[in-house]
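Participant: Numbering (my numbering), first residue to last: 239 to 836.
Don't be surprised by glycine CBs; every beta carbon is placed ideally from N, CA and C.
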Amino acid sequence: MQSLFDLTSEDPNLDGFFALAKSGALSETHSTVCAALLEEKQHHLFANWDPVGTRDADKFTFLDSLLQAHQSYPGGLPGYIRNARKLLAEASAGSNPFDGCTPAQPDIIDLSDFGPGYDKAEATGLKCLSETAIVLVAGGLGERLGYNGIKLDIPVETTESTTYLAHYALFIRAASERIGRKIPLIIMTSRDTNPGTIATLKAHANFGLAKDQITILRQELVPALSDLAAHLALEEKYRLILKPHGHGDIHMLLHTSGTAAKLTQEGFRYLMFIQDTNGQVFNAALAAIGVSEERGYDFNSIAVNRVPGEAVGGIARLVKAGHPDLTLNVEYNQLDPLLRATVSPEGDVPDARGYSLFPGNINLLVIRLAPYLKVLEASGGVVAEFVNPKFADASRTTFKKPARLETLMQDFPKSFTSGEKTGVTIFDRVWCFSACKNNLSDAAAKAAANSPAESASSAENDFYLAGRQKLRMAGMTVTDGPVQTIRGIPFTTGPRVILRPSFALTLQDVRDRISGGSISGDATLILDGDIHLKNVVIEPGATFIAKSSLGTSATHTDTTIPAGKTYTLHELTDAEMSSPDTPEFLKIRGYRIDPPAG
Ligand code: UTP
239 MQSLFDLTSE DPNLDGFFAL AKSGALSETH STVCAALLEE KQHHLFANWD
289 PVGTRDADKF TFLDSLLQAH QSYPGGLPGY IRNARKLLAE ASAGSNPFDG
339 CTPAQPDIID LSDFGPGYDK AEATGLKCLS ETAIVLVAGG LGERLGYNGI
389 KLDIPVETTE STTYLAHYAL FIRAASERIG RKIPLIIMTS RDTNPGTIAT
439 LKAHANFGLA KDQITILRQE LVPALSDLAA HLALEEKYRL ILKPHGHGDI
489 HMLLHTSGTA AKLTQEGFRY LMFIQDTNGQ VFNAALAAIG VSEERGYDFN
539 SIAVNRVPGE AVGGIARLVK AGHPDLTLNV EYNQLDPLLR ATVSPEGDVP
589 DARGYSLFPG NINLLVIRLA PYLKVLEASG GVVAEFVNPK FADASRTTFK
639 KPARLETLMQ DFPKSFTSGE KTGVTIFDRV WCFSACKNNL SDAAAKAAAN
689 SPAESASSAE NDFYLAGRQK LRMAGMTVTD GPVQTIRGIP FTTGPRVILR
739 PSFALTLQDV RDRISGGSIS GDATLILDGD IHLKNVVIEP GATFIAKSSL
789 GTSATHTDTT IPAGKTYTLH ELTDAEMSSP DTPEFLKIRG YRIDPPAG
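1. Quick check: the segment 711-719 against the segment 683-699, are at least 3 beta-carbon pairs closer than 8 Å?
2. Using the C-alpha atoms, what's the distance from L603 back to Y593?
3. Could you tell me if A630 is buried or exposed, where buried requires 16 or more neighbouring beta carbons within 10 angstroms of its beta carbon?
4. For the segment 456-464 and the segment 483-491, state whether three or more C-beta atom pairs, one from each stretch, are separated by less than 8 Å.
5. Flag M510 as yes when its Cβ comes closer than 6 Å to any non-hydrogen atom of ligand 1, and as no otherwise.
6. Could you give the residue range of the alpha helix (DSSP H) that holds M711?
7. Can the beta-carbon of I831 be found less than 7 Å from the beta-carbon of T401?
8. If you draw a straight line from the C-alpha of S696 to the C-alpha of R507, how long is it?
9. Going by Cα to Cα distance, which pick from K639, L564, E644 is closest to G657?
10. For a minimum of 4 consecutive residues, which ranges assigned as the alpha helix (DSSP H) are wholly contained in the segment 569-657?
11. In the DSSP output, what is D768 paired with across the bridge?
12. On the premise that Y406 lies in contact with L509, defined as a C-beta separation below 8 Å, what is that separation, rounded to the nearest angstrom?
13. Touch check for the segment 582-592 and the segment 533-540: three-plus C-beta pairs under 8 Å?
14. Helix, strand or coil for V545 per DSSP?
15. Looking at C-alpha atoms only, which residue of L252, K659, G484 is the closest neighbour of K279?
16. Using 6 Å as the cut-off, classify the Cβ of G705 as near or not near the heavy atoms of ligand 1, replying yes or no.
17. Assuming G779 contacts D760 (C-beta within less than 8 Å), just tell me the rounded distance between them.
18. Please state whether DSSP places E398 in a helix, a strand or coil.
19. I'd like the list of long-range same chain contacts for H808, defined as Cβ closer than 7 Å, with 5 residues on each side in sequence excluded.
20. Starting from G552, trace the alpha helix (DSSP H) in both directions and tell me its first and last residue.
21. So, helix, strand or coil for D430, using DSSP?
22. Could you check the C-alpha separation between F284 and K260 for me, to the nearest Å?
23. Would you kindly work out how many angstroms separate the C-alpha atoms of A622 and A784, rounded to a whole number?
24. Of all the options F823, T435, D288, which has the alpha carbon lying nearest to the alpha carbon of K675?
25. Would you kindly work out how many angstroms separate the C-alpha atoms of I826 and T292, rounded to a whole number?
26. Between the segment 535-546 and the segment 752-772, are three or more C-beta pairs nearer than 8 Å?
27. List the endpoints of the continuous alpha helix (DSSP H) containing Y318.
28. Closer than 6 Å by C-beta to T660: which residues in its own chain qualify, once you throw out the five before and the five after it? Chain order, please.
29. Classify R544: buried if its beta carbon has 16 or more other beta carbons within 10 angstroms, exposed otherwise.
30. From the DSSP output, in three-state form, read off D666 for me.
31. Using only CA atoms, which one of E615, L765, A371, P562 lies nearest to A523?
32. Please list the terminal residues of the continuous alpha helix (DSSP H) segment that includes K358.
33. Terminal residues of the continuous beta strand (DSSP E) containing L464?
34. If you check the beta carbons only, do V568 and G547 fall under 7 Å apart?
35. Do V529 and R704 come within 7 Å of each other at the CB atom, strictly closer than that value?
36. I'd like to confirm the pairing. Which residues does DSSP put opposite Y508 in its beta bridges?
Put into C-alpha cells, the structure is as follows:
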C-alpha cells in the first residue's frame, strides 16, 4: 500500500486534510487508514476540511471512527468496500440468489410429538453437554418491542420475576454442576447493549457463573454506503453514518477473538446459539444437541411448524442443477415468490396439516465446532453478507437512503463448500420457542390475525404452559384455568408452573421426580432443587413452593395443598398503564402478578 504522502492529490478540495496530515498531527494508524481509503477512491471523506486549528477535535473523532470501523472488520475498510462493490453490483443487476433453485424438504427430524426419539435424543444431548458452549446473541436493538433497556433484563415470568439472563444462567449453572464442567457462556453485545449487559452481570455477581465462564464479544456498527461505488456515507462533514451489521457478526467475532479456536482446543465440540428473549430454549436444547450427535449434523437448525405468512423464514433444501444442494433459511418475504415460481403456484399457503410447506426458522442453532472453525479460517470470519439497497430510480443506480452490508447468523451454511451436513429438528412450538419481540399493540394485531403474538405476555403465558406440559408428561393431571384476553392477547390464568433447571434439566428428570397428583385452575407451583412429588394435589388458588439447596433433597407424598394465600393476576388499568410509577416490564404485558398477601 502507498503511504499517505505518495497519495498527495492535485485536488484542492483535499488541501485542508493534507495540511493536517503534513503538520504531523496524525498517528501512524490514522495515516494508514486514510491512505487505504484514498486508494479506494474515498476522497469525499477528506474533502473541504477546515484549515488546521479549526474543528480539529471533530476531525480526530472522525478519524477515530474510521479507524474503529477499519479495525473491527476482517480485511479492514478496503475489504468492506470491495465486498460492498461486488454485492451492490449484483443487487443493481437485480440478481436473485434463488434463481434456478427449487425448494425441497430438508433433512428433518420431527420431535414435535415427543415420543421415544425425543427421549433418546435428550439422553444423547445430556452426554454431549460437557462438550457444548452456549452462544447468546444479545446485540439487537429490540425496536419492535420498544423497551428502554436491555432485553436480557426483562423478566421472563413475573411470579418470581426471573429475568431472561438470570434464567439462562440458572440453566448453565445447574447443568455445569450436573456434568462437573463449567459450561462456557459467550454473549455478543453491541454498542447499545454492552454497557447494560456488563452492569447487569456485575450487579448480580455474574448470576453465580464463574468469571472465566463468561466471554463478552462486542459487535461494532459498519459504515453505510451512499452509492454503487460504495462511497462511505457521511451524515455531515466529519461524521460517518454507521449502521448495525446484523447478528451474523457472531461468527466473525468468534473467529477474530480466537474464541472458536480456544474452545476447540479445550475439547468443546458444539456451539448452541440462542437468542436474548426465548425462555423455552433449554426445554429443547439437549434433544437438539442429541440429534446433531446422532445424525452427524454439522449445522442443525431448531425449527417449528410455520404458520403461513408469519414473519419467520422457511428452511428449505435448495436444489439447483449443477450445484450441490444447500439447506438454507429463505426469508419470509422471499419465500412466497420462490414458492409461486416453483412448487406452490398459490404461494405460502397451508398444507394438509395447516402449516407452511417448510419448517420455520427460529434462529436456534447447534453447530459442530470442527467444520465451523474450518469455514471461519477459510473466510477470515466474514460469512454470508448481503446488501439490500432501496433503489430510487428504474435504472437501479441511486439509493433512496444509504445501504449497508448485513449478515444473519442462520445464513452460515451459505459458506459450506465441503459437503457439510445440515439438518433441521422440529419441536413443538411452545416447547422450544416463545420470544418477547413485539409491543402490546403490534402483538395484539398479530394475535388477531392468528399469528404468534410474541409479546412479553405471550412469552410468559408459554413459559407456564411448557411447565404444565412437563407435569402432564410426568403423569400429573393438569387442568388449565380460563383464558383471559389481556389487551388483545390471550393469557391462560393458571396454573403457573415454574420448574427450575436445578429441579430438572431434562424431561426424564421431571418424570423421575413427579408421579401422580394434580394441579388446576389459578394455582402456583414452583420447584427448585432436588424435590420429589408423589401424589401431590394442588387445588385451585393454592400456592406450593418447594426449594432445596444443593446437596439436600425433599420428598412430598400424598399431600393436598388447599387454596389459601395465593398469587393473583391483575390487569393494569389505563391509568396504571400510563402511570410513571408502573414499571416498564409490566407495561409491556398489561398485567401484574401480586404475591400472596402477608
Ligand atoms: P431480533 O431481530 O429478534 O432482535 O434478533 P432485534 O434486532 O433486537 O429486534 P428488532 O428487529 O430491533 O425489533 C434476533 C436475535 O439476534 C440478536 C438479538 O439481540 C436477538 O437475540 N441480534 C440482532 C444481535 O445480537 N445483533 C444484531 O445486530 C441484531
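Facilitator: Taking the definition as stated:
1. no
2. Reading the sequence shown from its first residue, position 355 is the one you call residue 593. Reading the sequence shown from its first residue, position 365 is the one you call residue 603. Looking at the two C-alpha atoms, the distance is approximately 22 Å.
3. Here residue 630 refers to the residue found at position 392 of the sequence shown. Its Cβ having fewer than 16 others within 10 Å, A630 is exposed.
4. yes
5. The residue given as residue 510 occupies position 272 in the sequence shown. Checking every heavy atom of ligand 1 against the Cβ of M510, none is found closer than 6 Å.
6. Sequence index remark: in the sequence shown, residue 711 carries index 473 (1-based). Start and end: 694-711.
7. Here residue 831 is taken as the residue at index 593 of the sequence shown, counted from 1. Here residue 401 is taken as the residue at index 163 of the sequence shown, counted from 1. Result no, Cβ atoms of I831 and T401 do not sit closer than 7 Å.
8. To locate residue 696, count along the sequence shown from 1; it is residue 458. To locate residue 507, count along the sequence shown from 1; it is residue 269. S696 and R507: Cα-Cα distance of roughly 34 Å.
9. Here residue 657 refers to the residue found at position 419 of the sequence shown. Taking only the C-alpha atoms, the option nearest G657 is L564.
10. 570-579, 607-617
11. In the sequence shown, residue 768 corresponds to position 530, counting from 1. DSSP lists S791 as partners of D768.
12. On the sequence shown, position 271 is the one that residue 509 refers to. On the sequence shown, position 168 is the one that residue 406 refers to. So it is not a contact: roughly 15 Å between Cβ atoms.
13. no
14. As a working mapping, residue 545 is identified with position 307 in the sequence shown. The answer is coil: DSSP assigns V545 none of H, G, I, E or B.
15. If you number the sequence shown from 1, residue 279 lands on position 41. Minimum Cα distance to K279 is reached at L252.
16. Start at 1 with the first residue of the sequence shown, and residue 705 comes out as number 467. Flag unset: Cβ of G705 not near ligand 1.
17. The residue given as residue 779 occupies position 541 in the sequence shown. The residue given as residue 760 occupies position 522 in the sequence shown. Going by Cβ atoms, the distance from G779 to D760 rounds to 6 Å, so yes, they are a contact pair.
18. Start at 1 with the first residue of the sequence shown, and residue 398 comes out as number 160. The answer is coil: DSSP assigns E398 none of H, G, I, E or B.
19. As a working note, residue 808 is residue 570 in the sequence shown. For H808, where only same-chain residues beyond five positions count, the Cβ hits under 7 Å are Y829, R830, D832.
20. Sequence index remark: in the sequence shown, residue 552 carries index 314 (1-based). Looking at the DSSP string, G552 is not in any alpha helix (DSSP H); the run it does join, the beta strand (DSSP E), is 552-557.
21. To locate residue 430, count along the sequence shown from 1; it is residue 192. In this structure, D430 counts as coil in the three-state DSSP scheme.
22. Within the sequence shown, numbered from 1, the residue matching residue 284 stands at position 46. Within the sequence shown, numbered from 1, the residue matching residue 260 stands at position 22. If I take the Cα positions, the gap works out to 14 Å.
23. As a first step, residue 622 is located in the sequence shown; it is residue number 384 there, counting from the start. As a first step, residue 784 is located in the sequence shown; it is residue number 546 there, counting from the start. Their backbone Cα atoms lie some 48 Å apart in a straight line.
24. Position 437 of the sequence shown, counted from the first residue, corresponds to residue 675. With distances taken between Cα atoms, K675 lies closest to F823.
25. Position 588 of the sequence shown holds residue 826. Position 54 of the sequence shown holds residue 292. If you take the alpha carbons of I826 and T292, they lie about 48 Å apart.
26. no
27. The residue labelled residue 318 in the question sits at position 80 within the sequence shown. Taken as a continuous stretch (DSSP letters only), the alpha helix (DSSP H) holding Y318 covers 314-330.
28. As a working mapping, residue 660 is identified with position 422 in the sequence shown. Excluding residues within five positions, the ones whose Cβ falls inside 6 Å are F537, T565, P651.
29. Indexing the sequence shown from 1 puts residue 544 at position 306. Result: buried.
30. The residue given as residue 666 occupies position 428 in the sequence shown. Three-state DSSP puts D666 in coil, outside helix and strand.
31. Taking the first residue of the sequence shown as 1, we reach residue 523 at position 285. Among E615, L765, A371, P562, the Cα nearest to that of A523 belongs to A371.
32. Walking along the sequence shown from the start, residue 358 turns up at place 120. It spans 354-366 - the alpha helix (DSSP H) in which K358 sits, taken as one unbroken run.
33. Working through the sequence shown from its first residue, we reach residue 464 at position 226. Here residue 464 turns out to be Ser, not Leu, going by the sequence shown. Per DSSP, S464 belongs to the beta strand (DSSP E) from 463-465.
34. Taking the first residue of the sequence shown as 1, we reach residue 568 at position 330. Taking the first residue of the sequence shown as 1, we reach residue 547 at position 309. Cβ atoms of V568 and G547: not closer than 7 Å.
35. Your numbering for residue 704 matches position 466 in the sequence shown. Your numbering for residue 529 matches position 291 in the sequence shown. The sequence shown places Ala at residue 704, rather than the Arg named in the question. Taking 7 Å as the Cβ cut-off, A704 and V529 do not qualify as a contacting pair.
36. Within the sequence shown, residue 508 is the residue found at index 270, counting from 1. Paired residue(s): T370, R606.
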